[in-house]
Amino acid sequence: MIHPTAIIGQDVKLGKGVSVGPYSIIRDKSRIGDRTRVESHVLIEGDTTIGKDCRIFHGAAIGCIPQDLKYHNEESSVKIGDRTIIREYVTVNLATEEKQSTVVGSDVLLMAYVHIAHNCVIKDQAILANAVNLAGHVTIEEYAIIGGMTPIHQFVYIGAHCMVGGAARVAKDVLPYTRAAGSPLVISGLNVVGLQRRGFSKGIIATLKQAYRIIYRSNINVSQALERLKTDVKRIPEIEYMISFIERSERGISK
178 MIHPTAIIGQ
188 DVKLGKGVSV
198 GPYSIIRDKS
208 RIGDRTRVES
218 HVLIEGDTTI
228 GKDCRIFHGA
238 AIGCIPQDLK
248 YHNEESSVKI
258 GDRTIIREYV
268 TVNLATEEKQ
278 STVVGSDVLL
288 MAYVHIAHNC
298 VIKDQAILAN
308 AVNLAGHVTI
318 EEYAIIGGMT
328 PIHQFVYIGA
338 HCMVGGAARV
348 AKDVLPYTRA
358 AGSPLVISGL
368 NVVGLQRRGF
378 SKGIIATLKQ
388 AYRIIYRSNI
398 NVSQALERLK
408 TDVKRIPEIE
418 YMISFIERSE
428 RGISK
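In our numbering, the protein residues as written are 178 to 432.
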């Protein structure tokens, strides 16, 4: 399953059924899970752990040092979950700080030319379309979808079940369950179709719509909206998550 032109370092650990294509290089402390397929001309290095049943396409570079002048060979890592698809020429960099990690979850799709910078966290089931570029310390939560050619500012949070349109410029946090697009970014409603496809009930969607109206249609500031969410909206788990998201936002939520 290892092409004769591939180069595998002596400290690399490959699981059962791993395949490595022509001219790929896997070195340093890399660990590859069972049945993962590494196609041709892939570079995997550093302290990188990749889960089971992943597929890594031509030209991807994973575990390379971060593009960060603060980095001075600290021992950091990349961790990638199971069943994740990494398409052509994706780059995933090591974290900058000692013992920290850049993390990509399970069942994630990274389309061609996506860049995941140092200390980013991409949670399960997220989809990043072609040429999405993440600065350092970005977090993208579960089931979020980011359209192609979108740059995301450092330290931004993208909430779960969001839909961000292509060629947007994301400079502030994007509230969970919403749709957003444009440059500068504008929130344009709930991601209702996405929520319906993922099995959210009509009652939950109605409650989220009530919360959305308070935050974006009541002509009050975010602090005032937060207080009204706590008193006027049914405290289902989705609302609790939305409240905690706003409370921990450092860059502020998108308008």
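A virtual CB, placed ideally from N, CA and C, is assigned to each residue, including glycine.
Owing to the predicted nature of the structure, the values given are computational and were not obtained by experimental measurement.
Secondary structure at Gly371, three-state DSSP: helix, strand or coil?
Locating residue 371 in the sequence shown gives position 194, counting from the first residue. DSSP places Gly371 in helix when its eight states are reduced to three.
Which same chain residues end up closer than 8 Å to Val363 when comparing Cβ atoms and leaving out the 5 residues on each side of it in sequence?
If you number the sequence shown from 1, residue 363 lands on position 186. Answer for Val363: Ala357, Ser431, Lys432, listed in chain order.
Quick one: give me the first and last residue of the alpha helix (DSSP H) that Asp409 is part of.
By one-based count along the sequence shown, residue 409 stands at place 232. Here the alpha helix (DSSP H) through Asp409 covers 399 to 409.
Would you call the region 243 to 250 in contact with the region 213 to 223, where contact means no fewer than 3 C-beta pairs closer than 8 Å?
Inter-segment contact for the region 243 to 250 and the region 213 to 223 is absent: fewer than three beta-carbon pairs are separated by less than 8 Å.
Residue from His180, Gly186, Val189 whose Cα sits closest to the Cα of Gly198:
Looking up residue 198 in the sequence shown gives position 21. Checking every option, the nearest Cα to that of Gly198 belongs to His180.
Let me check one thing: in DSSP terms, what residues is Asn270 bridge-paired to?
Residue 270 sits at position 93 when you count from the first residue of the sequence shown. Looking at the DSSP assignment, Asn270 forms a beta bridge with Cys241.
Measure from the alpha carbon of Ile413 to the alpha carbon of each residue in Ala388, Ile397, Asn296, then state which is nearest.
Sequence index remark: in the sequence shown, residue 413 carries index 236 (1-based). Taking only the C-alpha atoms, the option nearest Ile413 is Ala388.
Bridge-paired residues (DSSP) for Met340
Your numbering for residue 340 matches position 163 in the sequence shown. Note: Met340 sits in a beta bridge opposite Ile322, Arg356.
Go ahead and pull the three-state DSSP assignment for Tyr393.
Your numbering for residue 393 matches position 216 in the sequence shown. The answer is helix: DSSP assigns Tyr393 an H, G or I state.
Work out the CA separation of Asp284 and Ala321 for me, nearest whole Å.
Here residue 321 refers to the residue found at position 144 of the sequence shown. Here residue 284 refers to the residue found at position 107 of the sequence shown. Rounded to the nearest angstrom, the two C-alpha atoms are 12 Å apart.
Opening and closing residue of the beta strand (DSSP E) in which Ile257 lies
In the sequence shown, counting from the first residue as 1, residue 257 sits at position 80. 254 to 257 is the span of the beta strand (DSSP E), which, as asked, contains Ile257.
Which residues in the same chain as Arg208 place their Cβ atom closer than 6 Å to its Cβ, once the five residues preceding and following it in sequence are excluded?
Numbered from 1 along the sequence shown, position 31 holds the residue referred to as residue 208. Once the five neighbours on either side are set aside, the close Cβ partners of Arg208 are Lys190, Thr226.
Applying the criterion that 16 or more other CB atoms from any shown protein chain within 10 Å of the CB defines a buried residue, is Arg425 buried or exposed?
As a working mapping, residue 425 is identified with position 248 in the sequence shown. By the 10 Å Cβ count, Arg425 comes out exposed.
Alpha carbon to alpha carbon, what distance is there between Asp409 and Thr267?
Position 90 of the sequence shown, counted from the start, is the residue given in the question as residue 267. Position 232 of the sequence shown, counted from the start, is the residue given in the question as residue 409. The sequence given here has Val at residue 267, not Thr. Taking the straight line from one Cα to the other gives about 45 Å.
According to DSSP, simplified to helix, strand and coil, what is Ile447?
Absent from the model: residue 447. The displayed extent of the chain is 178 to 432, so no value can be given.
Exposure of Arg375, with buried meaning 16 or more beta-carbon neighbours within 10 Å
For the purposes of this step, residue 375 is taken as residue 198 along the sequence shown, with counting starting at 1. Flag for Arg375 reads exposed.
Opposite Arg232 in the DSSP bridges: which residues?
In the sequence shown, the residue the question calls residue 232 occupies position 55. Paired residues: Arg214, Ile262.
Have a look at the DSSP bridge pairing and note the partners of Thr279.
Reading the sequence shown from its first residue, position 102 is the one you call residue 279. In the DSSP output, where bridge partners are listed per residue, Thr279 has Val255.
From Ile335 to Thr316, what does the alpha carbon distance come to, in whole angstroms?
As a position in the sequence shown, residue 335 is number 158, starting the count at 1. As a position in the sequence shown, residue 316 is number 139, starting the count at 1. When rounded, the distance between both Cα atoms is 6 Å.
Is it buried or exposed for Pro441, if we count other Cβ within 10 angstroms and need 16 for buried?
The chain is shown only over 178 to 432; residue 441 falls outside these bounds and no answer can be derived.
Taking DSSP as the reference, what is the three-state secondary structure of Lys386?
Along the sequence shown, one-based indexing puts residue 386 at 209. Helix.
Give the secondary structure of Lys190 by DSSP, where H, G and I count as helix, E and B as strand, and everything else as coil.
The residue you call residue 190 lines up with position 13 of the sequence shown. It is a strand residue.
Measuring alpha carbon to alpha carbon, tell me which of Ile263, Arg405, Leu367 ends up nearest Ala303.
Counting from 1 along the sequence shown, the entry for residue 303 is found at position 126. Nearest option by C-alpha distance: Ile263.
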